[in-house]
Amino acid sequence: MAKILIIGAGGVGNVVTRKCAGGWHGQAVLGRGSDPRCFDEIILASRTKSKCDAIAAALDRPITTAQVDADNVPQMVALIKKHTPDLVLNVALPYQDLPIMDACLETRTDYLDTANYEPIDEAKFEYSWQWAYHDRFKAAGIMALLGSGFDPGVTNVFCAYAQKHYFDEIHTIDIVDCNAGDHGHPFATNFNPEINIREITQKGKYWENGQWKEIDPMSVSMDIDFPEVGVRKGYLLYHEEEESLVKHITGLKRIRFWMTFGDAYINHLQVLQNVGMTSIEPGYKETAAQAVSYTTGVPAMIGAQMMLSGQWKKPGVHNIEQFNPDPFMAALNTHGLGWKIIEGKTLE
Ligand code: NDP
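Residue numbers (my numbering): 634 to 981.
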């Protein structure tokens with residue numbers, strides 16, 4: 634018997650709730666029932682309760698919905714005390730990570746998220762703020778699993794799997810993120826637009842020989858031949874999983890992250906920047922989510938399953954590559970994110 638409290642009813646919250654619930658409108662989800670004890674009871678809470686209710690209405694089984702401002706620690710504490718979940722799964726925005734972790738500490742409840750904390754007034758993301766909770770989580774006997782989405786998330790587990798099964802040391806890692814879809818719109822972001830634009834308009838950086846090297850935003854690109862997709866232009870960006878993988882992969886000498894964008898996307902972003910619309914000053918808001926929500930929501934559900942079933946259990950604040958990758962990799966296959974290993978060329 635386990636109870637989960639999901640915070641955030643956006644694109645990712647929608648997928649993770651459907652996956653935990655195991656089906657909607659008579660349509661079974663992949664991997665349904667693989668461990669139903671993990672999600673006996675589901676509570677979905679978000680800033681706008683009607684969005685939770687809309688998700689609940691599409692499910693085959695009843696769940697509880699609630700309104701919460703997750704920036705408000707006493708509100709979060711009251712919600713957790715009312716429902717006494719075994720795990721709080723945070724798929725609100727990165728700004729809410731710390732208040733939700735504070736509420737978990739106060740109520741001694743396990744925590745999981747998919748994106749690291751960012752202060753709202755500074756476009757900067759790093760794990761330091763959340764790693765600072767490690768000793769307090771450990772002392773309280775509770776666990777936080779950070780970054781259980783796709784990237785970070787599945788990418789980290791792939792690295793842990795390669796380290797465990799194939800290599801004594803891994804010297805270089807290039808994470809290549811390719812969006813092969815075409816939605817026909819000249820400009821649309823892959824997930825929450827504000828978070829996405831903050832990510833790509835800040836300075837890029839990569840890690841080499843023990844040092845972080847900074848580059849101007851979108852100033853380094855390379856044609857990358859993606860299996861099953863073809864050649865796409867990838868841009869060197871900073872991405873949060875680099876920070877934890879540098880700590881946890883043995884022998885690492887260089888790690889970089891590349892993401893593809895079409896020319897139309899880049900041109901529109903340039904225009905938005907020129908007219909000041911990518912500024913982090915308040916004003917830009919929209920909601921969008923689709924395939925990226927799926928590839929994030931599924932690993933979030935699997936991470937929750939790893940914790941609730943006790944397969945991954947260690948008090949403290951941990952990144953996802955610190956756990957045995959095997960059960961997670963097996964679950965990816967049964968939950969619609971199949972993978973295979975292809976021997977390819979090393980990027981220069
Ligand atoms: P959305 O904007 O679609 O959804 C965010 C949800 O959080 C909304 O329902 C929003 O409420 C709710 N929310 C925002 N602020 C609060 C608050 N103070 N209290 C309660 N609820 C709040 O974003 P996505 O679903 O696309 O992304 C969700 C998370 O997943 C983000 O942190 C994102 O960075 C992360 N992500 C991770 C990826 C990965 O691979 N690791 C990839 C993609 C996303 P309202 O509806 O009222 O606005």
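We put the CB at the ideal spot given by N, CA and C, even for glycine.
Values in this document were obtained by computation on a predicted structure and should not be read as measured data.
When you compare the CB positions of A773 and L738, do they come within less than 7 angstroms of one another, or not? yes
Express the C-alpha separation of E874 and L625 in angstroms, rounding to a whole number. Residue 625 is absent from the model: the chain starts at 634 and stops at 981.
Beta strand (DSSP E) segment containing D784, residue limits: D784 -> no beta strand (DSSP E), and no H or E assigned at all.
For N789, count neighbouring C-beta atoms within 10 Å of its own C-beta (all shown protein chains included) and say buried if the count is 16 or more, exposed if not. buried
Cβ-heavy atom distance, Q844 to the ligand NDP, below 6 angstroms: no
May I ask whether a heavy atom of the ligand NDP can be found less than 6 angstroms away from the beta carbon of T681? yes
Since I640 and V710 should fall inside the 8 angstroms C-beta cutoff, what is the C-beta to C-beta distance between them, to a whole number of angstroms? About 13 angstroms separates the two Cβ atoms, so there is no contact after all.
Segment limits, alpha helix (DSSP H) that includes V649: G644 to A654
Which partner residues does R889 have in the DSSP bridge list? D807
Using the DSSP secondary-structure output, state which residues sit across from S679 in a beta bridge. Q700
Rounded to whole angstroms, what is the Cα-Cα separation between M851 and N749? 21 angstroms
Compare the Cα-Cα distances from A691 to each of N647, Y871 and I808 and report the closest residue. N647
Whose C-beta lies closer than 8 angstroms to the C-beta of V706 among residues of the same chain, with five residues either side of it excluded? P732, D735, A736 and E739
Kindly confirm or deny that the region 829-847 and the region 862-879 touch, where touching means at least three C-beta pairs closer than 8 angstroms. yes
Any heavy atom of the ligand NDP closer than 6 angstroms to the beta-carbon of G782? yes
Can you tell me whether E763 sits near the ligand NDP, meaning its C-beta is under 6 angstroms from at least one heavy atom of the ligand? Per the sequence presented here, residue 763 reads as Gln, with Glu not at that position. Answer for Q763: no, Cβ out of range of the ligand NDP.
Could you say which of P718, E847, D704 and A689 lies nearest to M634 if we only look at CA atoms? P718
Put D719 into one of helix, strand or coil per three-state DSSP. coil
Expressed to the nearest angstrom, what Euclidean distance is found between the alpha-carbon atoms of V862 and F791? 20 angstroms
Shorter than 7 angstroms from the beta carbon of E954 to some beta carbon of chain D? In summary, chain D is missing from the structure at hand, where a single protein chain is found.
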